[in-house]
Amino acid sequence: MSIGTSVHVTNTPTKAFRVKPVDTTESVALGPSGYPVYTFQGETTRHIICHKTASTKTNCWSFWPPVSVSSSNGISKQSGIDGELGTFSNQGVLQLTLNGQPLYYFTPDLASKNTTQATGDELKTFGSIWHIVATG
8 MSIGTSVHVT NTPTKAFRVK PVDTTESVAL GPSGYPVYTF QGETTRHIIC HKTASTKTNC
68 WSFWPPVSVS SSNGISKQSG IDGELGTFSN QGVLQLTLNG QPLYYFTPDL ASKNTTQATG
128 DELKTFGSIW HIVATG
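Residue 12 in the working numbering sits at position 5 of the sequence shown, and the numbers go up by one each step.
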């Protein structure tokens, strides 16, 4: 994982789901694909809230795809990203974790192809709140 600086963090396009307005520029953690990553409040590797399902209404992964890696060998993070990086097997995917919390991308971020924009911070969907992984 690396750090993206001057990333525009917002949730303006998704006003209906936001817990509080966010519109800032900050340094955030980027996954292996170069896009900002998020955690889901209250979720751990032992308590998964965001599930892959067959129903379009309940398929959390269609909006929040897991940050996956091919192997836990050689995973690393840039200095400035606090916490311990790890992996776990989640529904057939080797998912990256930070401090025991599964990491996700946000589909609109991926679709924009803009790695300097994060549009899913402080959104309440699928029963909890999403948070961008900010770096210190």
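No residue lacks a Cβ here, since even glycine has one placed at the ideal position from N, Cα and C.
Among the options, nearest to residue i - alpha-carbon criterion
| i | options | result |
| --- | --- | --- |
| residue 23 | 142, 85 and 128 | 128 |
| residue 113 | 21, 95, 100 and 94 | 21 |
| residue 84 | 41, 69 and 122 | 41 |
| residue 123 | 10, 61, 14 and 80 | 14 |
| residue 89 | 107, 111 and 131 | 107 |
| residue 55 | 111, 139 and 115 | 111 |
| residue 8 | 64, 66, 57 and 76 | 76 |
| residue 135 | 143, 67 and 97 | 67 |
| residue 78 | 133, 99 and 48 | 99 |
| residue 97 | 60, 65 and 28 | 60 |
| residue 139 | 71, 86, 62 and 63 | 71 |
Simplified DSSP state of residue i, which is helix, strand or coil
| i | result |
| --- | --- |
| residue 30 | strand |
| residue 19 | helix |
| residue 24 | helix |
Under 9 angstroms between C-beta atoms of residue i and residue j
| i | j | result |
| --- | --- | --- |
| residue 125 | residue 26 | no |
| residue 33 | residue 141 | yes |
| residue 103 | residue 92 | yes |
| residue 95 | residue 46 | no |
| residue 30 | residue 17 | yes |
| residue 74 | residue 115 | no |
| residue 44 | residue 105 | yes |
First through last residue of the alpha helix (DSSP H) which encompasses residue i
| i | result |
| --- | --- |
| residue 114 | 114-119 |
For residue i, the first and last residue of its enclosing beta strand (DSSP E)
| i | result |
| --- | --- |
| residue 71 | That residue, residue 71, is in no beta strand (DSSP E); it is neither H nor E in DSSP. |
| residue 102 | 100-105 |
| residue 95 | 92-97 |
Counterpart residues of residue i in DSSP-defined beta bridges
| i | result |
| --- | --- |
| residue 11 | 35 |
| residue 139 | 45 |
| residue 130 | 25 |
| residue 123 | Its beta-bridge partners do not exist; DSSP assigns none. |
| residue 54 | 51 |
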